[in-house]
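Student:
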Amino acid sequence: MRHRLLRFCLRLVWAGWFSPTAFTSGTSSFSRRCSAFRLLGPSLAGLFVGWWGAASAFFANAVSFFALIVALISLPPRVKGSAEEEEQRRSGILEGFRYVRSHRTILSMIALIALTTIFVFPTISVMLPLYVRNILQLGPRELGWLMAVSGTGAFSGSLGLLTIARGARLKFMSGNVLAIALGVFLMSRSHSFLLTAFSMGILAIALSMNFGLANTIVQEHAPSELRGRVSAVFGLSFFGLMPIAGLVVTGFSDLVGMRTALAVASVIYGVAAFSVLSLAGRHVCDRPISPAPEPELTSVA
Numbered sequence: 000m001r002h003r004l005l006r007f008c009l010r011l012v013w014a015g016w017f018s019p020t021a022f023t024s025g026t027s028s029f030s031r032r033c034s035a036f037r038l039l040g041p042s043l044a045g046l047f048v049g050w051w052g053a054a055s056a057f058f059a060n061a062v063s064f065f066a067l068i069v070a071l072i073s074l075p076p077r078v079k080g081s082a083e084e085e086e087q088r089r090s091g092i093l094e095g096f097r098y099v100r101s102h103r104t105i106l107s108m109i110a111l112i113a114l115t116t117i118f119v120f121p122t123i124s125v126m127l128p129l130y131v132r133n134i135l136q137l138g139p140r141e142l143g144w145l146m147a148v149s150g151t152g153a154f155s156g157s158l159g160l161l162t163i164a165r166g167a168r169l170k171f172m173s174g175n176v177l178a179i180a181l182g183v184f185l186m187s188r189s190h191s192f193l194l195t196a197f198s199m200g201i202l203a204i205a206l207s208m209n210f211g212l213a214n215t216i217v218q219e220h221a222p223s224e225l226r227g228r229v230s231a232v233f234g235l236s237f238f239g240l241m242p243i244a245g246l247v248v249t250g251f252s253d254l255v256g257m258r259t260a261l262a263v264a265s266v267i268y269g270v271a272a273f274s275v276l277s278l279a280g281r282h283v284c285d286r287p288i289s290p291a292p293e294p295e296l297t298s299v300a
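Residue numbers (numbering that gives the first Met the number 0): 0 to 300.
Right under this line is the structure:
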């Protein structure tokens with residue numbers, strides 16, 4: 000299953016291999032499968048640790064990367080475009096940065112994900128074990144349940160992604176920003192497992208939908224010859240910032256306390272994210288001006 004997922008995902012994101020109009024369904028399908036693994040992961044990790052110790056979970060994670068290696072090796076050659084497109088593809092990633100800087104809608108979506116990475120993701124990933132132990136005074140079992148709740152919420156959000164009409168994107172994204180800010184703030188005030196689980200469920204749904212919508216909008220607006228490099232810049236707003244954000248937010252938490260850090264993060268995120276969405280405006284609902292032709296995809300079985 001993971002082999003098929005990786006092949007399908009990589010075929011979608013590589014430049015020129017898919018139609019922008021089909022990207023929403025591809026993003027939703029990818030998100031559902033990732034969320035399914037997030038549901039199974041905490042349970043399997045708990046069993047492995049209980050049977051063979053903590054090191055077994057790390058070994059299992061390392062072995063899982065062989066599936067990615069197989070998927071990369073099995074990728075077929077990219078379909079070549081026109082001579083002009085091939086010439087543009089020879090340029091480096093700086094072309095992607097230049098295009099992003101000149102395109103307000105794409106820049107806004109990347110800024111939205113960057114804000115989410117800095118102020119929200121450390122809350123539900125890096126700081127979560129400490130939050131459960133020090134704030135809720137609970138143990139590993141409850142941590143596993145919270146992770147499962149988060150996975151369930153992300154799965155639900157990916158299902159809801161397909162139901163959002165193009166004209167309603169701005170409203171949904173704004174509502175999701177409000178839900179995310181409220182979820183983090185409730186976590187900063189929570190003293191119970193149930194309130195925290197509710198907050199994390201809402202957080203996961205809203206995060207999954209906004210991440211999927213932002214990714215779809217970026218792919219739709221990027222020209223086919225630059226889509227790979229624009230996707231790389233978009234990816235940097237999450238994978239590139241996550242290690243730094245984890246250090247900054249946890250360091251701030253050590254200075255002022257975890258509850259205060261969460262409350263401050265929720266307020267800053269809410270104000271900044273709404274400002275970014277207002278900058279993008281209704282352009283997030285625009286249709287692609289010149290969609291790439293639909294590629295002929297072979298079976299990924």
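C-beta: ideal position from N, C-alpha, C; glycine also.
Should R281 go down as buried or exposed, given a rule of 16 or more other Cβ atoms within 10 Å for buried?
Tutor: On the sequence shown, residue 281 is found 282 positions in, with the first residue counted as 1. With fewer than 16 Cβ atoms within 10 Å of its Cβ, R281 is classed as exposed.
Student: Measuring CA to CA, which of L225, Y130 and M146 is closest to V248?
Tutor: To locate residue 248, count along the sequence shown from 1; it is residue 249. Checking every option, the nearest Cα to that of V248 belongs to Y130.
Student: When burial is assigned at 16 or more other CB atoms within 10 Å of the CB, is I243 buried or exposed?
Tutor: Along the sequence shown, one-based indexing puts residue 243 at 244. Answer is exposed; the Cβ neighbour count stays below 16.
Student: How would you label R286, buried or exposed, when you count the other beta carbons within 10 angstroms and need 16 or more for buried?
Tutor: Locating residue 286 in the sequence shown gives position 287, counting from the first residue. Answer is exposed; the Cβ neighbour count stays below 16.
Student: Closest to I92 by CA distance: which of V255, Q218, L240 and S230 is it?
Tutor: Taking the first residue of the sequence shown as 1, we reach residue 92 at position 93. Nearest of V255, Q218, L240 and S230 to I92, Cα basis: S230.
Student: Output needed for N209: all residues of its chain with C-beta closer than 6 angstroms, excluding positions within five of it in sequence on either side, in chain order.
Tutor: Sequence index remark: in the sequence shown, residue 209 carries index 210 (1-based). These residues qualify, in order along the chain: M172 and N175.
Student: Three Cβ pairs or more, each shorter than 8 angstroms: is that satisfied between the stretch 263 to 278 and the stretch 115 to 126?
Tutor: yes
Student: My output table needs one value for P242: the three-state DSSP class, helix, strand or coil.
Tutor: Here residue 242 refers to the residue found at position 243 of the sequence shown. For P242, the three-state secondary structure derived from DSSP is helix.
Student: Is the CB-CB distance between H261 and S187 below 8 angstroms?
Tutor: Stepping through the sequence shown from its first residue, residue 261 is reached at position 262. Stepping through the sequence shown from its first residue, residue 187 is reached at position 188. Looking at the sequence itself, residue 261 is Leu, so the reference to His does not match. Yes, these two residues count as a Cβ contact at 8 angstroms.
Student: What is the DSSP secondary structure of I72, reduced to helix, strand or coil?
Tutor: The residue labelled residue 72 in the question sits at position 73 within the sequence shown. I72: helix per DSSP, three-state reduction.
Student: For my contact list, T104 and I216 are in at a C-beta cut-off of 8 angstroms; report their separation, rounded to the angstrom.
Tutor: Counting from 1 along the sequence shown, the entry for residue 104 is found at position 105. Counting from 1 along the sequence shown, the entry for residue 216 is found at position 217. The pair is a contact, with the Cβ atoms about 7 angstroms apart (cut-off 8 angstroms).
Student: For S34, which three-state DSSP category applies?
Tutor: Against the sequence shown, residue 34 aligns to sequence position 35. At S34 the pLDDT is 48, less than 50, meaning the model places this residue with poor confidence and gives no usable figure here.
Student: Do you know offhand how far R1's Cα is from F58's?
Tutor: Taking the first residue of the sequence shown as 1, we reach residue 1 at position 2. Taking the first residue of the sequence shown as 1, we reach residue 58 at position 59. Only weak support is given to the placement of R1: the predicted model assigns it a pLDDT of 43, under 50, and the question is left unresolved by the model.
Student: At 4 residues or longer, what runs of the alpha helix (DSSP H) sit wholly inside the stretch 100 to 132?
Tutor: 103 to 118 and 120 to 123
Student: Rounded to whole angstroms, what's the CA-CA distance from K170 to L212? Just pull it up for me.
Tutor: Counting from one through the sequence shown, the residue named residue 170 turns up at place 171. Counting from one through the sequence shown, the residue named residue 212 turns up at place 213. Looking at the two C-alpha atoms, the distance is approximately 12 angstroms.
Student: Tell whether a beta-carbon distance below 8 angstroms holds between S207 and S198.
Tutor: Numbered from its first residue, the sequence shown carries residue 207 at position 208. Numbered from its first residue, the sequence shown carries residue 198 at position 199. Contact flag unset, no.
Student: Go ahead and label S274 buried or exposed: buried means 16 or more other beta carbons lie within 10 angstroms of its beta carbon, across all protein chains shown.
Tutor: Taking the sequence shown and counting its residues from 1, the one referred to as residue 274 is at position 275. Classification for S274: exposed.
Student: Would you kindly check if the distance between the Cβ of A113 and the Cβ of G156 is under 8 angstroms?
Tutor: In the sequence shown, counting from the first residue as 1, residue 156 sits at position 157. In the sequence shown, counting from the first residue as 1, residue 113 sits at position 114. Cβ atoms of G156 and A113: not closer than 8 angstroms.
Student: Assuming V232 is part of the alpha helix (DSSP H), what are its boundary residues?
Tutor: Position 233 of the sequence shown holds residue 232. For V232, the uninterrupted alpha helix (DSSP H) segment begins and ends at R226 to G234.
Student: According to DSSP, is Q136 helix, strand or coil?
Tutor: Here residue 136 is taken as the residue at index 137 of the sequence shown, counted from 1. Reduced to three states, the DSSP call for Q136 is coil.
Student: Identify which residue in T259, S277 and I72 has its Cα closest to the Cα of F307.
Tutor: The question about residue 307 has no answer, for the chain in this structure spans 0 to 300.
Student: By the three-class DSSP mapping on this structure, what secondary structure does T162 have?
Tutor: To locate residue 162, count along the sequence shown from 1; it is residue 163. Three-state DSSP puts T162 in coil, outside helix and strand.
Student: Compute the beta-carbon to beta-carbon distance between M257 and I134, rounded to the nearest angstrom, for a pair I have assumed lies under 8 angstroms.
Tutor: As a working mapping, residue 257 is identified with position 258 in the sequence shown. As a working mapping, residue 134 is identified with position 135 in the sequence shown. Yes, M257 and I134 are in contact; Cβ-Cβ is about 6 angstroms, under 8 angstroms.
Student: Looking only at its chain, what residues have a beta carbon closer than 6 angstroms to the beta carbon of V283, apart from the 5 residues adjacent to it on each side?
Tutor: Here the question's residue 283 lines up with position 284 in the sequence shown. Taken in chain order, the residues that qualify are R168, L169 and I216.
Student: Check S63 in the structure and name its three-state DSSP category.
Tutor: The residue you call residue 63 lines up with position 64 of the sequence shown. Reduced to three states, the DSSP call for S63 is helix.
Student: Roughly how many angstroms separate the alpha carbons of V99 and L106, rounded to a whole number?
Tutor: On the sequence shown, residue 99 is found 100 positions in, with the first residue counted as 1. On the sequence shown, residue 106 is found 107 positions in, with the first residue counted as 1. If you draw a straight line from the Cα of V99 to the Cα of L106, it comes to about 6 angstroms.
Student: What is the rounded straight-line gap between the Cα of P76 and the Cα of G138?
Tutor: The residue given as residue 76 occupies position 77 in the sequence shown. The residue given as residue 138 occupies position 139 in the sequence shown. Distance between the alpha carbons of P76 and G138: 49 angstroms.
Student: For L181, which of G269, A279, S55 and D253 has the nearest alpha-carbon?
Tutor: As a position in the sequence shown, residue 181 is number 182, starting the count at 1. Per the Cα distances, G269.
Student: Taking the runs of the alpha helix (DSSP H) that are 4 residues or longer, which of them lie wholly in the stretch 260 to 292?
Tutor: Counting whole runs of 4 or more residues, the stretch 260 to 292 contains no alpha helix (DSSP H) stretch at all.
Student: Would you call A54 buried or exposed, if buried means 16 or more other Cβ atoms sit within 10 Å of its Cβ?
Tutor: The sequence position of residue 54 within the sequence shown is 55, counting from 1. With fewer than 16 other Cβ atoms within 10 Å, it is exposed.
Student: With a Cβ-Cβ cutoff of 8 angstroms, do V196 and L145 count as a contact?
Tutor: Here residue 196 is taken as the residue at index 197 of the sequence shown, counted from 1. Here residue 145 is taken as the residue at index 146 of the sequence shown, counted from 1. With the sequence shown as reference, residue 196 is identified as Ala, and Val is not the correct amino acid for it. Contact flag set, yes.
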